[in-house]
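Report on the structure given below.
In this note's numbering, the protein residues as written are 30 to 585.
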């Protein structure tokens, strides 16, 4: 194996199976744009000059670590404030954040989640009063950053020194309009700084025709024998929004099979076989195929598979391998529209063209919950999401997609969410009760539904501990390894300290039924108490009235 940095050979060593430790010196490497590029050239040979298709050798690199030495250099300019590696970002707002502070924090959180998508940094929202100093532990390592967001009369975007830690914090301050503008500019600066192969910027060719390279896959060439695959993984949000129809044109060239050899091209979409065709001596292919609506999901995988069998099923090292190159002129055609039923699977693509965020009650807890949700949504999209914080009343009457954070179910009843604000029971298709939420029940719920033609995400709660259950629900979503991708159905319900429960209340087998007075758990006890009270009052009345009636009769 050879390890190269550009044309500079760093290490050459003979491999000794089955395993060995490896240390690569990086003293003389060249760094390009704060990035270090290493190439591993591996030469694997078999003992015999021929091998069957089912046998082979491989190399796997495990437990790779990077050891850094010397002194970390603090940033001195705003454009170098965010490092290539970010583990923790702390956003500081006032204890009662304003609408502009909330929008700035949400935009910045989504931009960081977008740029550092593979790293998944922890993004925390902290409270910091106007005259309070930044906590010293906020800048514990070179891979942590702190941003202070304040609405005030003076516009300022600057690095604020911290003499104790030596690491500056970024201050964003100004009037509401200037604060919103500064946060959007900073978010736009973060977006192009991310590595292109990871984010896969979309290249629009003609209207709704997109280059195949927009899916973010850099591997368009395979070479060898046996089974070889070129996968393309993409979400609807990566294509700019909801998709109701999708078609591909796939072009490429290949090595003409030798006499007696066999080559087969197969197309799989979300594990379903769409096309299979033998590859002859022509040396090129040009395929057009559409994706059935039933196979179009939020997250999709297109696999182009090549199966090559050499003559007599034996491969000799002196023979040229079978090589396939997919043309960069291949493209995708999309038709915009919604193909998925209402629910969590519609997000984040339903928000790709921008969305509104509104709070029934403006405070740090509501903002922290909204921040956790937008970060989880951004991590599913290679395209940056854009939001605007609007008043509660405007969001209820708007036609734009929205994320609403409420503190009581009645506040969004006009949108007709899945969970009605009255006492209810959830039953299955046979009428058996699955869950009961009476008037005194405490819960938090995240609901995804369609209201007047727009998609809405509603985070709501009920009861004295409802706000705490909201926090638990968002924390459970953040802690899940798959994040938002793990959600199913259209309601995520948190009723206690256990994990939240995902349900589909519309279009599924479950139904929501309002509880009548006779069905409430307290009604039988109340009814008995009323009967006893009425009986007691009747006895008191008879004890009072009977002597008077008797005396009145005797006097007559």
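Backbone N, C-alpha and C fix where the C-beta goes; we use that ideal spot for every residue, glycine too.
By the beta-carbon neighbour count (other beta carbons within 10 angstroms, threshold 16), residue 407 is buried. Using a 10 angstroms sphere on the CB of residue 88, the tally of other CB atoms stays under 16, which defines it as exposed.
When the Cα atoms are used, residue 460 and residue 470 turn out to be separated by approximately 21 Å. The C-beta separation of residue 398 from residue 500 comes to about 7 Å, placing the pair in contact by the 8 Å criterion. Burial is judged here by how many other beta carbons sit within 10 angstroms of a residue's own beta carbon; residue 478 has at least 16 and is buried.
Three or more beta-carbon pairs separated by less than 8 Å link the segment 261 to 268 to the segment 359 to 378, which places the two stretches in contact. Shown here, residue 390 sits in coil according to DSSP, grouped into three states, outside any helix or strand. The DSSP-derived three-state label of residue 143 is helix. For residue 243, there is no enclosing alpha helix (DSSP H), as DSSP gives it neither H nor E.
In the three-state reduction of the DSSP assignment, residue 34 falls in the strand class. Around the CB of residue 468, fewer than 16 other CB atoms lie within 10 Å, so the residue is classed as exposed. Residue 37 counts as exposed, since fewer than 16 other beta carbons sit within 10 angstroms of its beta carbon.
Uninterrupted beta strand (DSSP E) stretches at least 3 residues long and entirely within the segment 398 to 453 occur at 416 to 418 and 431 to 434, given in chain order. For the pair residue 39 and residue 68, the Cα-to-Cα distance works out to about 10 Å. Taking a cut-off of 8 Å for Cβ pairs, the segment 103 to 115 and the segment 370 to 389 do not touch, as fewer than three such pairs fall below it. Approximately 16 Å separates the beta-carbon atoms of residue 210 and residue 413; this is outside 8 Å, ruling out the contact.
Apart from the 5 residues on each side of it in sequence, residue 355 sits with its Cβ closer than 8 Å to the Cβ of 241, 249, 250, 259, 279, 280, 281 and 333 in its chain, given in chain order. Pairwise C-beta distances place the segment 316 to 335 out of contact with the segment 201 to 218, as fewer than three of them are shorter than 8 Å. One alpha carbon belongs to residue 137, the other to residue 151, and they sit about 13 Å apart.
When rounded, the separation of the alpha-carbon atoms in residue 53 and residue 503 is 42 Å. Inter-segment contact for the segment 384 to 397 and the segment 282 to 296 is absent: fewer than three beta-carbon pairs are separated by less than 8 Å. Short of 8 Å from the beta carbon of residue 494, and not among the five residues preceding or following it, lie these beta carbons of its own chain, in chain order: 471. A distance below 6 Å between beta-carbons, with the five flanking residues on each side excluded, links residue 272 to the following residues of its chain, in chain order: 265 and 363. By the C-beta density criterion, residue 535 is buried, having at least 16 other C-beta atoms within 10 angstroms.
The DSSP-derived three-state label of residue 109 is helix. Beta-bridge pairing by DSSP links residue 462 to 456. When secondary structure is reduced to three states using DSSP, residue 50 falls in the coil class, being assigned neither helix nor strand. The straight-line gap separating the alpha-carbon atoms of residue 521 and residue 489 is approximately 11 Å. At the C-beta level, residue 283 and residue 312 come within 8 Å of one another. The bridge partners DSSP lists for residue 283 are 353.
Short of 6 Å from the beta carbon of residue 336, and not among the five residues preceding or following it, lie these beta carbons of its own chain, in chain order: 256 and 293. Counting C-beta atoms within 10 angstroms of its own C-beta, residue 528 has fewer than 16 neighbours from the protein chains shown and is therefore classed as exposed. Beta bridge pairing from DSSP links residue 361 with 239 and 277.
Around residue 206, the same chain offers 129 as residues with beta carbons nearer than 8 Å, after the five sequence neighbours per side are excluded. DSSP links residue 72 through a beta bridge to no other residue.
Secondary structure at residue 189: strand, using DSSP grouped into helix, strand and coil.
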